[in-house]
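One structure below.
6 protein chains.
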Amino acid sequence: MNKNILMINSNSNPITTNWLQERIEKFVDPETKITVVNPDFGPQGVDTYMDWLIAGIETLKIVSSNKEKYDAFVIGCGSDPGLDACRQITTKPVLGLSESAMLMACPLGNKFSIISTRETQIPVLEQRVIQYGLRDKLASIRYIQMTTADLMNREELIKNTCEAAKIAVKKDRAEVIVLTGSLMLGTEKEISEASGVPVMLGVVCALKMAEIYISIGGTTSKAYKYQQVKKKDQLIGYQELREVYSI
Amino acid sequence: MNKNILMINSNSNPITTNWLQERIEKFVDPETKITVVNPDFGPQGVDTYMDWLIAGIETLKIVSSNKEKYDAFVIGCGSDPGLDACRQITTKPVLGLSESAMLMACPLGNKFSIISTRETQIPVLEQRVIQYGLRDKLASIRYIQMTTADLMNREELIKNTCEAAKIAVKKDRAEVIVLTGSLMLGTEKEISEASGVPVMLGVVCALKMAEIYISIGGTTSKAYKYQQVKKKDQLIGYQELREVYSI
Amino acid sequence: MNKNILMINSNSNPITTNWLQERIEKFVDPETKITVVNPDFGPQGVDTYMDWLIAGIETLKIVSSNKEKYDAFVIGCGSDPGLDACRQITTKPVLGLSESAMLMACPLGNKFSIISTRETQIPVLEQRVIQYGLRDKLASIRYIQMTTADLMNREELIKNTCEAAKIAVKKDRAEVIVLTGSLMLGTEKEISEASGVPVMLGVVCALKMAEIYISIGGTTSKAYKYQQVKKKDQLIGYQELREVYSI
Amino acid sequence: MNKNILMINSNSNPITTNWLQERIEKFVDPETKITVVNPDFGPQGVDTYMDWLIAGIETLKIVSSNKEKYDAFVIGCGSDPGLDACRQITTKPVLGLSESAMLMACPLGNKFSIISTRETQIPVLEQRVIQYGLRDKLASIRYIQMTTADLMNREELIKNTCEAAKIAVKKDRAEVIVLTGSLMLGTEKEISEASGVPVMLGVVCALKMAEIYISIGGTTSKAYKYQQVKKKDQLIGYQELREVYSI
Amino acid sequence: MNKNILMINSNSNPITTNWLQERIEKFVDPETKITVVNPDFGPQGVDTYMDWLIAGIETLKIVSSNKEKYDAFVIGCGSDPGLDACRQITTKPVLGLSESAMLMACPLGNKFSIISTRETQIPVLEQRVIQYGLRDKLASIRYIQMTTADLMNREELIKNTCEAAKIAVKKDRAEVIVLTGSLMLGTEKEISEASGVPVMLGVVCALKMAEIYISIGGTTSKAYKYQQVKKKDQLIGYQELREVYSI
Amino acid sequence: MNKNILMINSNSNPITTNWLQERIEKFVDPETKITVVNPDFGPQGVDTYMDWLIAGIETLKIVSSNKEKYDAFVIGCGSDPGLDACRQITTKPVLGLSESAMLMACPLGNKFSIISTRETQIPVLEQRVIQYGLRDKLASIRYIQMTTADLMNREELIKNTCEAAKIAVKKDRAEVIVLTGSLMLGTEKEISEASGVPVMLGVVCALKMAEIYISIGGTTSKAYKYQQVKKKDQLIGYQELREVYSI
């Protein structure tokens, strides 16, 4: 069964998109074709609530205009921008990096810790864990105090994340480490070795769960939360969004 | 002390804005000046996750460009679009209708019920209650199955809401009724009489809480969640948003 | 609209009552008249469960005999003695310092910490937070190890509270500081500056919420928890209490 | 080992006290001596929050003046008035009817239902269950809509309670029925037969737990919550309470 | 990458084993080889706690003696017998049907309902959901009142499950249906059509998650819960178990 | 009333059994006869999930073959192996050490800490606390890092446990210490003195609760969770288990 998956790098940085495209392909099934794209507009990293709103809209626009062409969608950003909005406009499965990594961490150990980039993200991430219904599985959220822009300094990234992961295992009794951001791709082996516990990468977990849903026929439920709302055209403004909206 | 409050009707419908401006003024303190505005762009009612994202961005833009001119901001929409984003860009207090009504309901009775417009909104509202940390205060969420567009049919609106409120009191043991949407303004007296319990209106509660914060000097905390992130200019696209972003 | 509010300093110390009367007036609306009173009988500080019971009864007696004369009641003691009992005998709003400060802290930041006087109060306060349905909003409870009697040593009080607040922000990631006791009035500015986060004072928040309820017509719900029970006269003993009771 | 237990019927009705004394004796160990007493003052039934405060103080006074004479104390009232206050003034074990029955219900089945007298008591009881840390064990709270005064109509009491218990088992999947009030003594057999599940009576469970603590040396912890507070004499008023207080 | 998976049908019924082997193969990846086996000893259906203990031990013995030969293990029984025990003796991933189906249901909708065979299983299943940390995702547990032995009456099974699923969607607002038992294989299409929401089958989800872990290198964490305990040989009895134990 | 209680030391070590028999007798009521037995087969200490399964089955077999001869059963092992299974095959009360000690700790203080043997047991114990519905009563789980085999080194056992208990009181604000393992018998006095708080011993609490249930007629509920399932004989294998099963 051919599996045609679109991964939307929700920030507007084509360098990251290419970086992801090159590295994610080795994780796909033989029958899977993965395409990574990014919006033309929006932040180059999702660091603020405003970034999250803009990246969410831009991701939604891409999913909307590609609804028929792909079998599943992965929002390739650790903050899952636009996740609920995308699920509302399609019956195809839509996966977020954070949620996927947390779910895949569950069968491997009692509780997981998330390693975040900055301390200010901790309440944001805690709210996300609660929103996904997984508060009882959370050991802790630890941070490395690096900005998104600095994450390409791979040596420092790995060193800091290993340090945080080791503390999470020792002090918070984490049994699995969850890495939500797509730029963590490629660090998992060193972090797992340093911490002594399995590491779940959001970008890989989301991809693999998308493949599962395609092969077993899993679709987004339209019962309540993600039901599409029939509306008269009330959207004022850009034609482009009107089209997304009216679909 | 003069209190200068900006209420952003997050949808793009100037009719609602005017309707709100006229009716909200009787609730203000003598020293308060309230100004209701709306974005030029975006949905005329916030019914979907996409509406919520767009209305959030538009609300944020208005708050951003008025940061210096007002003492507090009220997001005049029952879905609190852009609430976290707005709080992140200012130290002034920013109030949402949903959160304010729920908080003001707490001292009046044991648990509250929210009356929603449509059944599909129930999981959305439940998540919002959880996000605000108030799950232990929630008796139930009931609905009236009307679209935003129909809410100006006031007779039907009141009849349906009274019916839902009565059931919430009798079956779910609600002791207070919470009405989040701004268009519920003016229905509170009849619903309170019909249900026999106090009714908290989001739009009024948010306004009055804003006045309190101005008079006692309450500001948005910048410790973690709402800390402003210093970023290099990474935003690609429209100049307008770049300005919001760089502030 | 004239707002006539009675604040009951639940302990029997008239010095505190006068101290409060002098300092609280600057927080009222122009139309508000606030009167602070205290019972003749009972503890001079609410430090034990027995104090709480006695202060509760005495507060109830004062509310009962003033039911018609005031528009709202504030129980001017950080332990909220008699709060439920007072709400049960009137439809007027009755505010407690603890509950009010916690609720007003919610829109200003993700989680709040409470600074208590003594370590032994921590489980007592934790139970109160849970009872008010706000456990998800609590960052921590910190203490300064001072007795109620020592709180008039203002320099030491401020120094210790600043220290505790700073630790709460740094270690427990509190974004707002909640001060429940009425004697904390006047310390808020220094504590906010030292900790870098907003401070919510129970005695001010309760007063301002009372003003809101008067202006928007908020009443205590009589649906279930606070329903007045019609009883045959079963009370044996002092005439005074019989009268409270039979009302 | 002789076990000398004082049961305080917290209401002021000596008829109930005698009724209890006669019926409770068949449940004691051969070495136990149980004495049931009641205060001279206070309500004849604990139906309101005010009743609860007064009965709590009166119970505390009795425990205080008998601290040396008994090995354990049972507060013989389903609302556990003064429970925390009594525990704070003695190291002897102090048992409440509600808490004891709920705890003893736990090993007998998955979840328990409480049968209350009136619907308005449901939020009160729910708060009590939460305060005792047992919310995960609660199937439901059902009620029979009878006043305390009517409970001596035994036929009606049993008929109504059997009906409520059967519904709790069938609809709420209760596996054990908890009866908190002391006047339920003697109804347990019929309710158990009608509902088909075990019934835990507060007054019996509290007595038996008290016997256990005496025989195994269980004392009230003085670590934090129930630590006695050393205070300078600050209590203004009746000599009697001053003595309680200063102990 | 070849994926060699052992599925242990935890009951001792070879008919079910063959039935499963035939039907599960169409769900595997091209590179996966799945082998279904069953113990010689034990119950033919896991209906009681005793069944669960015996099936758990028997499953553990099979996993233990095949530790080197397979890349992952699926416990092919809806009650996940021996799940923790198996995870403790291997670093290979071990999947249970219940846990896998619940996790895979999460990204497809807000909350899921589980359809159980008998009403008495409801508390058992509820405890399992809590143990897996997923209580916030549970809409309800519904039942069809059929014994394990009757499940081969496929027409009745499908009719009853469709009925229960429809009620779960309508009354409990389930957005996804979770079917834990392996014998539900083949009913999913009809149940999904009848209920209008996606259906997650435990036996398929566990298999697909096992494939993921093999391909991405997911192992069972040995940090705390599943750490193997080094013990001196203390096991008294059958040689066979001694060997399991000493590994 | 004669009370005939069977305590099953779930491990196969007769030395422990004799040790327990000698020491437990001083805790029984005059009318109680306690008999301690152990299985011939199984682990000599319950340290792993496999141990727990085997010890559970062996305990179940002993309870099953003694169902008529005793009035109540105590599973004399801190891990409560086979607790649910035993409750399912009898209406007599069945007590576990862990659950009993936690319940008896509740009326003595706000929260309890459990002192475990090894750090890896912490997630196991946490799950047990959650399963028993007592998560809100848990202050912490501390450990002494000793193996079951070493527990007979009493001096070290007491020294380590005192140390852990003191930290639990000071850092985690435990008000009661819970000791679940039967081998802790005899250490309680020293640990209570060192920590300054009451200590609840599982083996004593379970025995005393069993005596209560016998004297007040408390039986295991058969409503749902512990209902005996009528099955056709489907058990394949050892005659012995078939007999347990068919009862």
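Chains as they are written, first to last, in my numbering: chain A, 12 to 258; chain B, 12 to 258; chain C, 12 to 258; chain D, 12 to 258; chain E, 12 to 258; chain F, 12 to 258. Beta carbons: idealized from backbone N, C-alpha and C, even for Gly. Just so it is clear, the structure is predicted and the values come from calculations on it, not from any experiment.
- Between the C-alpha atoms of C:Ala116 and B:Leu94, what's the straight-line distance to the nearest angstrom? So the two alpha carbons sit approximately 16 Å from each other.
- Name, in chain order, the residues that DSSP records as bridge partners for D:Tyr154. Beta-bridge pairing links D:Tyr154 to D:Ser127.
- Message: Excluding the 5 residues flanking A:Leu106 on each side, which residues of the same chain have their C-beta closer than 6 Å to its C-beta?
- Response: Setting aside the 5 residues that flank it on each side, A:Leu106 is surrounded in the same chain by Val85, Ala217, Met220, Ala221, each with a C-beta closer than 6 Å to its C-beta; the list follows chain order.
- Task: Would you tell me roughly how many angstroms separate the C-alpha atoms of C:Arg34 and C:Pro41, rounded to the nearest one?
- Result: Using only the alpha carbons, I get a separation of about 15 Å.
- Message: Across the stretch 12–20 of chain D and the stretch 196–203 of chain D, are there enough close Cβ pairs to call them in contact, namely three or more that are closer than 8 Å?
- Response: By the Cβ test, the stretch 12–20 of chain D is not in contact with the stretch 196–203 of chain D, since fewer than three Cβ pairs between them sit closer than 8 Å.
- Query: Between A:Lys182 and A:Lys148, is the Cβ-Cβ spacing less than 7 Å?
  - Reply: For A:Lys182 and A:Lys148, no; Cβs fall outside 7 Å.
- Message: Is there a C-beta anywhere in chain G that falls below 7 Å from the one on F:Glu137?
- Response: Any reference to chain G falls outside this structure, whose protein chains are A, B, C, D, E and F.
- Task: Please confirm if F:Ile258 has its CB atom under 7 Å from at least one CB of chain E.
- Result: Caution is warranted here: a pLDDT of 42 is assigned to F:Ile258, below 50, making its placement in the model unreliable, and no coordinate value can be reported.
- Query: Given that a residue counts as buried once 16 or more other Cβ atoms are within 10 Å of its Cβ, and exposed if not, what is F:Ser111?
  - Reply: Label assigned to F:Ser111: buried.
- Message: So, does the stretch 75–83 of chain C touch the stretch 58–76 of chain B, judging by three or more C-beta pairs under 8 Å?
- Response: Taking a cut-off of 8 Å on C-beta distances, the stretch 75–83 of chain C does not touch the stretch 58–76 of chain B, as fewer than three cross pairs fall below it.
- Query: Whose C-beta lies closer than 7 Å to the C-beta of D:Gln32 among residues of the same chain, with five residues either side of it excluded?
  - Reply: Hits under 7 Å: Val47.
- Task: State yes or no: is the C-beta of E:Ser232 within less than 7 Å of the C-beta of A:Leu119?
- Result: Contact: yes.
- Query: What span of residues does the alpha helix (DSSP H) with E:Asn171 cover, start to end?
  - Reply: If you look at E:Asn171, you'll find it in the alpha helix (DSSP H) that goes 165–182.
- Item | E:Ala83 (DSSP reduced to helix, strand or coil) | The DSSP-derived three-state label of E:Ala83 is strand.
- Message: Taking 7 Å as the threshold (beta carbon to beta carbon), is D:Trp30 in contact with chain E?
- Response: D:Trp30 does not count as touching chain E.
- Counting along the chain, where does the beta strand (DSSP E) carrying F:Ser78 start and finish? The question names Ser, but residue 78 of chain F is Lys in the sequence shown. F:Lys78: not part of any beta strand (DSSP E); DSSP gives it neither H nor E.
- Message: Give me the subset of the stretch 163–187 of chain A whose CB atoms are less than 8 Å from a CB atom of chain E, sorted by chain position.
- Response: Listed by position along the chain: Val180, Arg184, Ala185, Glu186, Val187.
- Pick from D:Ser109, D:Lys103, D:Val208 that is closest to D:Asn15, judged by C-alpha positions: Nearest C-alpha to D:Asn15: D:Lys103.
- Under the assumption that B:Ala160 contacts B:Ser206 (Cβ atoms under 8 Å), give the Cβ distance between them as a whole number of angstroms. Taking C-beta atoms under 8 Å as the contact rule, B:Ala160 and B:Ser206 fail to qualify, at a distance of about 25 Å.
- Could you tell me whether any Cβ in chain E is nearer than 7 Å to the Cβ of D:Asn121? Cβ-Cβ to chain E under 7 Å: yes for D:Asn121.
- With DSSP collapsed to three states, give me the class of C:Ile188. The DSSP-derived three-state label of C:Ile188 is strand.
- Item | Cβ shell of D:Thr191 (< 7 Å), same chain only, five flanking positions each side left out | When the five nearest sequence neighbours on each side are left out, the beta carbons in the same chain lying within less than 7 Å of the beta carbon of D:Thr191 are those of Gly89, Leu108, Ser109, Ala112, Ile125, Gly213, in order along the chain.
- Item | Any chain E beta carbon closer than 7 Å to F:Asp244 | Summary for F:Asp244: the model assigns pLDDT 49, below 50, so the residue's position carries little reliability; its value from the coordinates is reported in the next sentence. No, no contact with chain E.
- Query: Three-state secondary structure (DSSP) at E:Val74?
  - Reply: Here E:Val74 carries a helix assignment [DSSP, helix/strand/coil].
- Message: For a contact defined as C-beta to C-beta under 7 Å, what are the partners of B:Asp40 on chain C?
- Response: Asp40, listed in chain order.
- Below 8 Å CB to CB, which residues in the same chain sit around F:Asn49 once its five sequence neighbours on both sides are set aside? Excluding positions up to five away in sequence, the list reads Ile19, Asn20, Ser21, Asn22, Ser23, Asn24, Pro25, Thr27, Thr28.
- Item | Span of the alpha helix (DSSP H), counted from its first residue to its last, around B:Lys219 | Per DSSP, B:Lys219 is one residue of the alpha helix (DSSP H) stretching across 213–227.
- Task: Just the C-alpha distance for B:Ile258 and B:Ala66, rounded to the nearest angstrom, thanks.
- Result: Its pLDDT being 42, under 50, B:Ile258 is placed unreliably by the model, and the measurement read from it follows with that caveat. If I take the Cα positions, the gap works out to 20 Å.
- Message: Please return the same chain residues whose Cβ sits closer than 6 Å to the Cβ of A:Val215, not counting the five positions on each side in sequence.
- Response: Closer than 6 Å at the Cβ level, and outside the excluded window around A:Val215, lie Phe38.
- Burial state of F:Gly228 (16 or more Cβ within 10 Å): Under this definition F:Gly228 is an exposed residue.
- Message: Output needed in chain order: residues of the stretch 223–243 of chain F with a Cβ under 7 Å from some Cβ in chain E.
- Response: Across the stretch 223–243 of chain F, CB contacts with chain E closer than 7 Å involve Tyr235, Lys236, Gln238, Val240, Lys242, Lys243, in sequence order along the chain.
- Item | Proximity winner among B:Arg98, B:Ser203, B:Ser226, relative to B:Thr43 (alpha-carbon distances) | Looking at the Cα atoms, B:Ser226 is the closest of the given residues.
- Query: Does DSSP classify D:Asn29 as helix, strand or coil?
  - Reply: Under the three-state reduction of DSSP output, D:Asn29 falls in the helix class.
- Query: Roughly how many angstroms separate the alpha carbons of C:Tyr224 and C:Thr101, rounded to a whole number?
  - Reply: Approximately 14 Å between the Cα atoms of the pair.
- Task: Starting from B:Ile19, follow the alpha helix (DSSP H) in both directions and report where the run begins and ends.
- Result: Segment 14–19 is the beta strand (DSSP E) holding B:Ile19; no alpha helix (DSSP H) there.
- Taking F:Glu110 as the query, report the chain D residues whose CB atoms sit under 9 Å from its CB, ordered along the chain. For F:Glu110, the neighbours in chain D by C-beta distance under 9 Å run, in chain order, Cys117, Pro118.
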